[in-house]
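Visitor: Mind having a look at this structure? Questions to follow.
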Amino acid sequence: MVKLSDRLPCMICGNPQTQLGTASMELQHGSGRNFTFHRVPAFVCTECGTPAHPAWVVFDLFSAMDAAVESGFEGNVLDYVPREKDA
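Using this note's numbering, the first residue of the sequence shown is number 309, and each one after it goes up by one.
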């Protein structure tokens, strides 16, 4: 789960004020396939609206792409599914 303490400043305008929200994100898998994820947690800049995704969220997306390719999924649009809490 994304925490406000993980807040990132805006990479585009430098504004330190971001708010927790969601954004879509497109990534390319090592196989060359492009995937679009919707409702991905992000810190969204209150000035310019640029989203910043924490690294662990992006790691989860790459894991989801690997699973989709390995399972034979032929689509390219996926919803973000949060990881389960560690036991």
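By construction, the Cβ of each residue, glycine as well, lies at the ideal position given by its N, Cα and C atoms.
Fair warning: this is a prediction, and the values are worked out from it, not measured in the lab.
Which one of 346, 352 and 375 has the shortest CA to CA distance from residue 387?
Guide: Numbered from 1 along the sequence shown, position 79 holds the residue referred to as residue 387. Of the listed residues, the one whose Cα sits closest to residue 387 is 346.
Visitor: Among the candidates 383, 381, 371 and 360, whose CA atom is the shortest distance from the CA of residue 329?
Guide: Residue numbering aside, residue 329 sits at position 21 when the sequence shown is read from its first letter. Among 383, 381, 371 and 360, the Cα nearest to that of residue 329 belongs to 360.
Visitor: Is the beta carbon of residue 341 sitting closer than 9 angstroms to the one on residue 377?
Guide: Here residue 341 corresponds to residue number 33 of the sequence shown, with the count starting at 1. Here residue 377 corresponds to residue number 69 of the sequence shown, with the count starting at 1. Yes, the pair counts as a contact, with Cβ atoms nearer than the cut-off.
Visitor: Considering only C-alpha positions, which residue in the set 324, 389, 337 and 334 is nearest to residue 355?
Guide: Within the sequence shown, residue 355 is the residue found at index 47, counting from 1. It is 324 whose Cα lies nearest to the Cα of residue 355.
Visitor: When you compare only the Cα positions, how much space is there between residue 375 and residue 369?
Guide: Taking the sequence shown and counting its residues from 1, the one referred to as residue 375 is at position 67. Taking the sequence shown and counting its residues from 1, the one referred to as residue 369 is at position 61. Cα to Cα, residue 375 sits roughly 10 angstroms from residue 369.
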